[in-house]
Structures are given as structure tokens and as C-alpha cells.
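Heads up: the structure comes next, in C-alpha cells.
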Amino acid sequence: MELINLRRRKRLAERGLALLKEKRDALVMELLSLAREYQNVVLEVREKLEKALSQLALAKAYMGAHKLNEVIASLRPQVA
1011 MELINLRRRK
1021 RLAERGLALL
1031 KEKRDALVME
1041 LLSLAREYQN
1051 VVLEVREKLE
1061 KALSQLALAK
1071 AYMGAHKLNE
1081 VIASLRPQVA
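This note's numbering applies: residue 1011 is where the sequence shown begins, and numbers increase by one.
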């Protein structure tokens, strides 16, 4: 009787282990997907920041620092 109970417990533990491994694999895949998405967002933000800084430098050269600061001060912040 004890041997039968031990075998049942062993099978249950093995099924539990298999489920945990599947869950771990799914979580790792999700983590990798999120990491790729994060990298894409970082690249996009970096590109937009570089473009904005370049345009700011052009505006400063064209308008002068004082006039540019006046224009910037008059703008309302835009939240996208």
C-alpha cells in the first residue's frame, strides 16, 4: 500500500515538474519578446532625440539663443 502511494506521489511530482518547466519556458519566451520590444523603443527614442537635438541646433543657429529661448518659453508642453 505504501509503495502504491509513493508511486502516485512520484507521478504527481513529475507532472508538477513538467508543468513548472513549461511555465518557465513560456515566461522566458515572454521575457525575450519584451526585451526585443524594449530595444526597439530605445532605438526609436534615441533616433527621435537625435533628430530633435539637430533641429534645435539649427533653430539656435538661425534664430539666436535669446530668441529661441523666448519662443520655447512661450510654448505649452505637448504630451503625446
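For glycine and all other residues, C-beta sits at the position ideal for the given N, C-alpha and C. For clarity, every value in this text was computed on a predicted model and none was experimentally measured.
Helix, strand or coil at residue i according to DSSP, with G and I counted as helix
i: VAL1089; result: coil
Inter-residue spacing [alpha-carbon to alpha-carbon] between residue i and residue j
i: ALA1075; j: LEU1042; result: 45 Å
i: LYS1077; j: GLN1065; result: 15 Å
i: ALA1028; j: MET1039; result: 17 Å
i: ALA1067; j: VAL1089; result: 22 Å
i: ARG1056; j: ALA1069; result: 20 Å
i: ASN1015; j: GLY1026; result: 16 Å
Scan the stretch 1015-1085 and note each continuous beta strand (DSSP E) run of 3 residues or more that stays entirely inside, going in chain order. none
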